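Numbering (this note's numbering), first residue to last: 7 to 224.
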Amino acid sequence: MKFLLHAAVIVIGILSVPAAFAAGLYGSKHDMTAIPTQVGATPGSSSICVYCHTPHTLLVDDIAPVWNKPPVSSYYVPYSSSTIDGSVSPTMGATTSLCLGCHDGSIAVNVMVNPPLSGGYVTGFSAAPPGWNLTEKGYMTGSPRMDHDFSNDHPVSVSYPASDQGLVHPPPVTFPLYGVLSNKVECTTCHNVHDNLYQPFLRASNDGSILCRACHNR
């Protein structure tokens with residue numbers, strides 16, 4: 007009986023592993039292995055990381071660890087308001103520019119330095135299945151497409167002001183800040199691109215505005 011109980015526990019543990027991964031990158035919209043032919047991979051490729059990272063032949067080696075996408079323009083239209091106390095950068099932060107490597111809609115998601123199992127650039131693209139927000143040429147479309155216009159979105163590349171009483175001080179460590187002084191709010195301050203437990207790739211649940219109130223003192 008003990009043996010059967012132990013075996014049952016092991017089986018349950020094994021079956022729970024895929025569910026745990028599904029809460030992260032695996033199985034999320036950032037897992038391109040679900041649509042390999044739409045993103046330039048050889049069908050059957052199981053490489054998840056390669057759509058953003060490459061171990062060899064980097065095109066740009068400073069903007070992110072072993073980055074596998076061509077750089078995008080740092081130009082953007084920032085959010086503007088008289089209520090902002092933080093300093094807004096005239097050019098987009100490097101971290102946010104990584105996101106726009108797909109989300110600005112000007113670079114197809116199948117454009118990589120080293121596509122998996124392809125040996126170089128690819129230009130072919132086939133229609134993505136419903137729900138993937140990709141055009142037939144591989145460009146981001148729909149609500150995930152940001153272009154470079156952030157005028158109606160939460161500010162990015164903006165400093166977290168130390169004296170603003172409307173913000174939590176010190177800033178929460180679970181929401182990273184970026185830049186030379188580690189004080190800039192970027193896309194990845196609120197979004198964790200490797201974990202979709204809290205959709206859409208949020209660093210925390212926003213039930214009851216929990217995520218917002220982590221920084222905003224309201």
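Backbone N, C-alpha and C define an ideal beta-carbon position, used for all residues, glycine too. Because the structure is a prediction, the values reported are computed rather than measured.
Handout entry: Same chain, Cβ closer than 7 Å to P61, neighbours up to 5 away in sequence not counted
Key = V72
Practice task
Can you tell me which of the three DSSP states Y57 falls into?
Solution key: helix
Handout entry: Contacts around G33, its chain only, beta-carbon distance under 6 Å, and the 5 residues preceding and following it disregarded
Key = Counting only residues of its own chain and dropping the five nearest sequence neighbours on each side, G33 has no CB closer than 6 Å to any other CB.
Exercise for the section: Tell me, please, which residues DSSP counts as bridged to V94. Expected result: V164
Exercise for the section: Report yes or no: do three or more beta-carbon pairs, one from the stretch 103 to 114 and one from the stretch 182 to 190, lie closer than 8 Å? Expected result: Segment contact: the stretch 103 to 114 against the stretch 182 to 190, fewer than three CB-CB distances shorter than 8 Å; contact not assigned.
Problem - Distance CB(M118)-CB(Y57) smaller than 9 Å - result: For M118 and Y57, yes; Cβs fall inside 9 Å.
Practice task
Taking only the alpha-carbon atoms, compute the straight-line gap between P161 and G92 and give it to the nearest angstrom.
Solution key: 10 Å
Problem - Contacting residues, own chain, Cβ-Cβ under 6 Å from T141 (five flanking each side not counted) - result: T147
Problem - Nearest-angstrom Cα separation, counted from I90 out to I113 - result: 31 Å
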